[in-house]
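*Asks:* Residue 747, in the working numbering, is where the sequence shown stops; the numbers in between run on with no holes.
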Amino acid sequence: MPLVTIDNKEIEVPAGTSVIEAAQQLGIYIPHFCYHKKLSIAASCRMCLVEVEKAPKPLPACATPVADGMKVKTRSQYAIDAQKGVMEFLLINHPLDCPICDQGGECQLQDIAVGYGGVESRYAEAKRVVSEKDLGPLVATDMTRCIHCSRCVRFGQEIAGQMELGMPGRGEHVEVMPFLESQVNNELSGNIIDLCPVGALTSKPFRYHARGWELSRRLGVSPHDSLGSNLTVQVKDGRVQRVLPADNEAVNEGWLSDRDRFAYQGLYADDRLTVPMIKDNGRWIEVDWATALAQAAGALRVLKETHGGDALGFVASPAATVEELHLLQKLARSLGSSQIESHPLERSAGRGQARWLGMPVAKVNTLDRILLVGSTLRSEQPLLAARVRAAVKASAELSILHAANDTQNCAVANAVIAAPSQWLAALTEIEQALKGASASAEAQAIAASLKSGANKAVVLGAVAQIHPQADALHTKAAAIAAACGATLGFLPVGANSVGAAVVKAQSGDVFAAPRKGYVLLGLEPELDCVDGAAAMQALATAECVVGLTAYKGRAPEYATVLLPIAPWAENEGGLVNMEGRLQTFNAATRCQGEARPAWKVLRVLGNQFGLEGCDFDTVAAVRAEALPDGWLEGLNNAAPAVDLGAAVAGAIEWLAETPIYAVDAVTRRASALQATAMAAAPVATANASLLARLGGKTTLRVRQAGLAVELAVRQDDRLADGVLRIAAGHPHTVSLGARMGVLEVEA
Numbered sequence: 001m002p003l004v005t006i007d008n009k010e011i012e013v014p015a016g017t018s019v020i021e022a023a024q025q026l027g028i029y030i031p032h033f034c035y036h037k038k039l040s041i042a043a044s045c046r047m048c049l050v051e052v053e054k055a056p057k058p059l060p061a062c063a064t065p066v067a068d069g070m071k072v073k074t075r076s077q078y079a080i081d082a083q084k085g086v087m088e089f090l091l092i093n094h095p096l097d098c099p100i101c102d103q104g105g106e107c108q109l110q111d112i113a114v115g116y117g118g119v120e121s122r123y124a125e126a127k128r129v130v131s132e133k134d135l136g137p138l139v140a141t142d143m144t145r146c147i148h149c150s151r152c153v154r155f156g157q158e159i160a161g162q163m164e165l166g167m168p169g170r171g172e173h174v175e176v177m178p179f180l181e182s183q184v185n186n187e188l189s190g191n192i193i194d195l196c197p198v199g200a201l202t203s204k205p206f207r208y209h210a211r212g213w214e215l216s217r218r219l220g221v222s223p224h225d226s227l228g229s230n231l232t233v234q235v236k237d238g239r240v241q242r243v244l245p246a247d248n249e250a251v252n253e254g255w256l257s258d259r260d261r262f263a264y265q266g267l268y269a270d271d272r273l274t275v276p277m278i279k280d281n282g283r284w285i286e287v288d289w290a291t292a293l294a295q296a297a298g299a300l301r302v303l304k305e306t307h308g309g310d311a312l313g314f315v316a317s318p319a320a321t322v323e324e325l326h327l328l329q330k331l332a333r334s335l336g337s338s339q340i341e342s343h344p345l346e347r348s349a350g351r352g353q354a355r356w357l358g359m360p361v362a363k364v365n366t367l368d369r370i371l372l373v374g375s376t377l378r379s380e381q382p383l384l385a386a387r388v389r390a391a392v393k394a395s396a397e398l399s400i401l402h403a404a405n406d407t408q409n410c411a412v413a414n415a416v417i418a419a420p421s422q423w424l425a426a427l428t429e430i431e432q433a434l435k436g437a438s439a440s441a442e443a444q445a446i447a448a449s450l451k452s453g454a455n456k457a458v459v460l461g462a463v464a465q466i467h468p469q470a471d472a473l474h475t476k477a478a479a480i481a482a483a484c485g486a487t488l489g490f491l492p493v494g495a496n497s498v499g500a501a502v503v504k505a506q507s508g509d510v511f512a513a514p515r516k517g518y519v520l521l522g523l524e525p526e527l528d529c530v531d532g533a534a535a536m537q538a539l540a541t542a543e544c545v546v547g548l549t550a551y552k553g554r555a556p557e558y559a560t561v562l563l564p565i566a567p568w569a570e571n572e573g574g575l576v577n578m579e580g581r582l583q584t585f586n587a588a589t590r591c592q593g594e595a596r597p598a599w600k601v602l603r604v605l606g607n608q609f610g611l612e613g614c615d616f617d618t619v620a621a622v623r624a625e626a627l628p629d630g631w632l633e634g635l636n637n638a639a640p641a642v643d644l645g646a647a648v649a650g651a652i653e654w655l656a657e658t659p660i661y662a663v664d665a666v667t668r669r670a671s672a673l674q675a676t677a678m679a680a681a682p683v684a685t686a687n688a689s690l691l692a693r694l695g696g697k698t699t700l701r702v703r704q705a706g707l708a709v710e711l712a713v714r715q716d717d718r719l720a721d722g723v724l725r726i727a728a729g730h731p732h733t734v735s736l737g738a739r740m741g742v743l744e745v746e747a
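1) Between Asn571 and Val493, what straight-line distance do the alpha-carbon atoms span, to the nearest angstrom?
2) Within a Cβ cutoff of 6 Å, which residues of the same chain sit near Phe585, ignoring the five residues on either side of it in sequence?
3) Take Ala762 and list the residues in its own chain whose beta-carbon comes closer than 6 Å to its own, dropping the five residues that flank it on each side.
4) Does the segment 117-130 come within contact of the segment 233-251, defined as at least 3 CB pairs closer than 8 Å?
5) Could you tell me whether the segment 365-379 touches the segment 329-343, where touching means 3 or more Cβ pairs closer than 8 Å?
6) Comparing C-alpha positions only, which one of Gly574, Ala641, Val702 and Lys37 sits nearest to Arg623?
7) Run through the DSSP bridge pairs and tell me what Gln715 is partnered with.
8) Per the DSSP calculation, Ile370 is bridged to which residue(s)?
9) Please list, in chain order, all residues of the same chain as Pro567 whose beta carbon is under 6 Å from its beta carbon, the five residues on each side excluded.
10) Identify every residue that forms a DSSP beta bridge with Trp654.
11) To which residues of the same chain is Gln754 closer than 6 Å at the C-beta, ignoring the five residues directly before and after it?
12) For a quick check, are the C-beta atoms of Asp257 and Ser229 less than 9 Å apart?
13) Since Ile6 and Val86 are thought to touch, with beta carbons under 8 Å apart, how far apart are those beta carbons, to the nearest angstrom?
14) Label Glu324 either buried or exposed according to how many other C-beta atoms from any shown protein chain fall within 10 Å of its C-beta, with 16 as the threshold for buried.
15) Hey, how far is the Cα of Leu434 from the Cα of Ala479?
16) Which residue wins for smallest C-alpha separation from Gln583, given the options Gly606, Val503 and Asn496?
17) Would Lys57 be called buried (16 or more neighbouring beta carbons within 10 Å of its own) or exposed?
18) I want to check one thing, is the minimum distance from the CB of Lys600 to the heavy atoms of the ligand GDP below 8 Å?
19) Provide the residue(s) that pair with Tyr551 in DSSP beta bridges, ordered along the chain.
20) Compare the beta carbon distance of Ala538 and Gly547 with 9 Å and say whether it is the shorter of the two.
21) Which residue from Glu253, Val745 and Lys330 puts its Cα closest to that of Ala651?
22) For Glu214, collect the residues of the same chain with a Cβ closer than 8 Å to its Cβ; drop the 5 residues on either side in sequence, then sort them by chain order.
23) Pick helix, strand or coil for Pro640, following the three-state DSSP scheme.
24) For Glu710, which option in Lys697, Asp717, Arg217 and Leu719 has the closest C-alpha, if you only look at C-alpha atoms?
25) Just to confirm the assignment, what range does the alpha helix (DSSP H) spanning Arg623 have?
26) Based on DSSP bridge pairs, tell me the residues matched to Met177.
27) Which same chain residues, not among the five before or five after Leu49, have their C-beta less than 8 Å away from its C-beta?
28) For Ala439, I'd like the list of residues in its chain whose CB is within less than 8 Å of its CB, leaving aside the five on either flank, ordered along the chain.
29) Drop a sphere of 10 angstroms on the beta-carbon of Arg669, count the other beta-carbons inside from all chains shown, and report buried for 16 or more, exposed for fewer.
30) Are the beta-carbon atoms of Pro146 and Ala42 separated by less than 9 Å?
31) Would you identify the three-state DSSP class for Phe89, choosing helix, strand or coil?
32) Looking at the unbroken alpha helix (DSSP H) that takes in Tyr116, where does it start and where does it end?
33) Can you check DSSP and say which residues form a bridge with Phe490?
34) Considering only residues of the same chain and omitting the five flanking positions on each side of Thr676, which have a CB-CB separation below 8 Å?
35) I need the DSSP call for Asp280, collapsed to helix, strand or coil.
36) Starting from the C-beta of Asp271, find all residues in its chain whose C-beta is less than 7 Å away, skip the five residues before and the five after it, and write them out in chain order.
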């Protein structure tokens with residue numbers, strides 16, 4: 001532990017610590033641009049020059065490791081002169097257009113120029129101008145402002161794993177630009193906006209909407225995946241204007257996925273439901289809350305009295321809060337119904353259990369061996385994919401079992417790419433190989449990898465959870481984990497899937513057998529269910545459908561009462577993430593129109609039935625009842641006892657994944673996200689072998705039990721033979737029915 005003195009303050013720090021890190025521990029600020037705690041050292045801006053005793057020249061604090069007895073001065077005249085000289089050079093070509101720059105008021109260059117720059121410029125020659133670069137619909141550029149700190153370039157290389165930006169040229173001819181003039185197209189691209197210390201890279205959706213000092217700030221939690229990234233929600237005039245990351249090393253570190261960052265645009269979609277509505281003789285009319293609630297309660301009461309409680313089905317989005325799900329299941333059971341569904345994108349007999357990661361999220365970075373089963377990780381959990389990449393960079397071995405050999409943005413040690421019907425057999429072979437029995441070369445390689453590591457995990461992703469043999473895959477994965485001493489984990493599909501199981505808001509598929517009445521909470525069933533076509537058919541035959549929703553969508557086609565509820569930014573409550581961490585949040589802005597938080601609507605709906613225990617004054621009171629002491633101990637990944645019989649392999653199998661920007665109602669309505677390449681209209685993709693079997697056609701008609709859809713077809717040799725990859729959760733593919741089934745295909 002070297003002892004170093006910085007500005008007459010002594011501190012002991014581990015060997016290898018840089019001067020700038022040691023100074024930060026002492027609360028001493030050293031100006032910098034290129035340094036960032038999560039990125040490699042570039043030492044290119046030279047703004048952090050400091051005086052080191054006995055050194056012949058100023059040294060960059062970010063690239064200078066401490067030494068025992070070192071004495072550093074950050075504010076000596078020698079250091080100040082060096083810093084002012086660097087600042088003068090940085091401003092030579094900078095346009096100094098602060099009044100019209102979107103970064104104005106929150107610009108690192110502005111702040112440091114005031115503190116460390118001169119009062120006037122001595123440069124009188126013409127300044128350079130750099131042409132703009134098209135980085136896509138999310139990131140706006142003003143590259144003349146760029147100071148070449150290279151943060152954006154290093155982020156792509158080191159964190160996102162896609163080197164889409166580079167810095168060709170030398171001297172003043174250096175430019176940050178995308179390679180081949182293509183757009184930046186990765187799921188974490190928005191982080192370069194936060195990393196940019198000047199106004200060169202800014203948010204395109206936020207551009208010219210507000211100044212930093214005009215925004216109020218509220219902490220929030222992302223509802224778009226089960227990581228639960230921490231957010232800073234910025235509001236002006238009652239509207240969310242921007243979403244930024246809130247640092248939490250245990251969850252999202254300091255990053256955000258683009259889905260978490262830009263989905264807020266969907267809050268203000270044209271089809272927002274802001275007033276209660278009822279269907280009167282086939283015509284929708286707006287009514288007050290008392291009328292709508294009385295109509296809903298009356299219809300449900302009649303159905304219960306006529307057909308019994310189980311004639312009513314209650315279905316919720318897995319992103320609903322703990323409090324909402326608790327009140328929903330309480331309402332259902334009070335009415336005598338056991339038909340409760342909050343995991344509409346899972347197939348499992350044991351859905352009442354809390355399927356969770358099995359370890360802290362931060363531990364993923366320290367894993368030595370990972371077996372990922374049925375997970376399109378970068379679209380399901382973008383920030384967890386970054387953690388897996390960090391683990392692999394630190395020498396972990398990643399093995400995958402999937403129907404597509406997608407780019408993981410990191411090295412894959414072993415891969416079994418097979419049609420979904422072959423996954424159970426592949427896991428069985430891996431289990432046998434772990435026990436010393438003969439198996440295929442791929443299974444032997446994965447088994448050898450799992451045997452060799454100290455910290456290891458077997459993780460089942462979203463595709464494995466919608467697989468027709470989901471329970472069988474779970475059982476085999478559990479056996480593999482037990483055989484090699486690994487942790488068994490799941491990547492839950494919804495933001496609060498774990499919390500839904502904890503509050504017992506899950507009993508089975510309520511659409512399998514149509515009910516007389518339904519209560520839907522925050523759900524678009526045609527897009528959010530494993531079989532959207534079956535869900536729509538069941539709703540079409542129901543006598544009463546009460547929709548608690550923030551959007552109209554297709555609800556007027558099947559609903560009888562529509563109750564406007566608040567989406568996440570206007571709501572309050574708690575979400576339990578994949579590691580079992582309860583994260584609570586308050587509303588960032590007021591509800592639009594007559595919309596109300598769903599927990600309040602459910603509380604009043606319970607009062608309409610005269611139910612006891614619905615008189616809650618605060619969301620905290622609901623949470624206290626929903627999550628009593630010791631609730632966390634109930635988390636488990638125990639494998640269900642199921643028949644492990646082999647599946648019948650179909651001629652052509654559907655690989656049905658939810659696209660990254662179609663995971664929920666808010667994201668589907670975010671215009672900037674929907675303009676990205678990753679949100680393009682669905683096409684069918686297959687490998688060359690399957691396309692040859694289909695006659696090499698460019699358009700296919702695909703059907704599965706229901707109506708057919710016509711899709712353009714593209715070649716993708718990363719897919720297993722016999723697999724047709726078609727995005728689910730999209731209006732164009734709803735009629736294909738149950739996901740991961742066997743498809744009929746014709747030219």
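Note that CB positions come from ideal geometry on N, CA and C, so glycine has one too.
*Replies:* In short, the structure shows the following:
1) 21 Å
2) Gly220 and Val221
3) Residue 762 is absent from the structure shown; the chain starts at 1 and stops at 747.
4) no
5) no
6) Gly574
7) Ala686
8) Leu398 and Ala457
9) Leu267, Ala550 and Val666
10) Leu724
11) As displayed, the chain neither begins before 1 nor continues past 747, which places residue 754 out of reach and without an answer.
12) Residue identity check: residue 257 is Ser in the sequence provided, not Asp. Their beta carbons are under 9 Å apart, which means Ser257 touches Ser229 by this criterion.
13) Not confirmed; about 19 Å, so no contact.
14) buried
15) 10 Å
16) Asn496
17) exposed
18) What this structure holds is no ligand at all, so the ligand GDP is not there to describe.
19) Arg272
20) no
21) Val745
22) Lys236
23) coil
24) Lys697
25) Val619 to Ala626
26) Gly166
27) Pro58, Leu59, Pro60, Ala61, Ala79, Ala82, Gln83 and Val86
28) Glu429, Ile430, Gln432, Ala433 and Ala447
29) buried
30) Note on residue identity: the sequence assigns Cys, not Pro, to residue 146. No; because the gap between Cβ atoms is not below 9 Å, this pair is not in contact.
31) helix
32) Gln108 to Tyr116
33) Leu460
34) Gly136, Pro137, Leu138, Asn185, Asp258 and Tyr661
35) strand
36) Tyr551, Lys552 and Gly553
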